[in-house]
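Mapped onto our numbering, the consecutive letters of the sequence shown carry residue numbers 25 to 309.
Structure record follows, encoded as structure tokens.
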Amino acid sequence: MEIVKLAIQKSGRLSEKSLQLLSECGIGFENGERRLVARAHNFPVELLFLRDDDIPQYVSDGVADAGIVGENIIAEKEYPVPVMEKLGFARCRLSLAVPKSVSYSGTEWLQGKRIATSYPGILKRFLTEKNLEADIHEISGSVEIAPGIGLADAIFDIVSSGSTLISNGLKEVETIMHSQAVLIKNAHLSQEKNQILDRMLFRIRAVQKAKSNKYILLNAPNESIPEITRLIPGMKSPTVIPLAMEGWSSLHSVVNENDFWEVIGKLKELGAQGILVIPIEKMIV
Ligand code: PRT
Ligand code: ZN
């Protein structure tokens, strides 16, 4: 039986969440200090712990069969690795920032400027698309200090809360791409390895779906049932159970996190009472 080699970040912003996702998928690894490789005891997968920058290369070369990495790393060198699923964590954006004293007029301001970045590939493509030429200084870390020490006029870097920019006297002026962690795979896997990855993906989707939905229970007057059913149809239709009190029922359904507060407001208008909202652990539709 084949084993899928899955590359994840050894230590950094992706590591914990990657391991947590696997554990929520019921894929268990022995605890203990992180070695180079770890074999799951209940699923045909083996983890390779790598630097995030190396993951797309290892996957496209077939040293690893699949990997979890930020979209920014894949985009930088345009690795030919199919993305199986967006994983919803390590969200960030790649933006251009300039000293806050600059009166930035638009992308034409960048013409002929010196821009410091760890992502020269993505920046170059953006500039070419806008018909601009700039002097790109590739540096591997602490990009945000470059304008302050006179090394650059602008920077192009990862931003998440924006506080690093602010504390370095910079302001964000253009967002070039958004990024999040994704599951990638090698494009030429055996059928067996693809099947293993599909089984893993099935579990990942069940976990993701559960996170974005809540189980909801409420009591409502019987005349509101048709409208409440339209509001919270759930996976097929709500469960309706008569209460011991004449004219009332209990409804059970599933509601999406994004619509949640709006739905609650409408439910109350329809006379719903005793609303209980419960997290869902796994959701298979
Ligand atoms: O050692 P290794 O090479 O594996 O790790 P690394 O140091 O290169 O990467 P790491 O762990 O810092 O980040 C891994 C991935 O997390 C990145 O490739 C992104 O996909 C994603 N990610 C999400 C981030 C951030 N958010 C983030 N905020 N990566 C870096 N940052 C840095 C950013 O460079 C800047 O210095 O955080 C600072 C900005 O944060 P805010 O919140 O102040 O805006
Ligand atoms: Zn890195």
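All C-beta atoms in this analysis are idealised placements derived from N, C-alpha and C, irrespective of residue type, glycine included.
- Per the Cβ contact rule, the segment 172 to 182 is in contact with the segment 116 to 131 (3 or more Cβ pairs under 8 Å).
- Ordered by chain, the residues meeting the criterion of a beta-carbon within less than 5 Å of a non-hydrogen atom of ligand 2 are D76 and D77.
- Relative to the Cα of A88, the nearest Cα in the group K260, F67, E198 and A31 belongs to A31.
- A Cβ-Cβ contact shorter than 8 Å links V231 with E48.
- Along the segment 153 to 207, the alpha helix (DSSP H) occurs as fully enclosed runs of 4 or more residues at 187 to 191, listed in sequence order.
- Leaving aside the five residues that flank P80 on each side, the residues in its chain whose CB is nearer than 8 Å to its CB run, in chain order, G91, V93, I97, I98, K101, Y103, V105 and I208.
- Ligand 1 approaches V183 closely enough that one of its heavy atoms is under 7 Å from the residue's Cβ.
- Contact between V167 and T141 holds: CB atoms are separated by about 6 Å, below the 8 Å threshold.
- Here I302 is exposed. Its C-beta has fewer than 16 other C-beta atoms within 10 Å.
- When the alpha-carbon of L300 is set against those of S277, V206, M307 and I308, the nearest one is in S277.
- Looking at the DSSP output, A244 bridges to S273.
- Inclusion of I169 and P144 in the CB contact set at 8 Å is not warranted, their separation being larger than that value.
- For K124, the three-state secondary structure derived from DSSP is coil.
- Shown here for F113: same chain residues with a beta carbon closer than 6 Å to its own, the five before and five after excluded, namely K41 and A205 in chain order.
- Residue state for A230 is assigned as helix, using DSSP reduced to three classes.
- In the three-state scheme derived from DSSP, where H, G and I count as helix and E and B as strand, A62 is classed as strand.
- In the three-state reduction of the DSSP assignment, L291 falls in the helix class.
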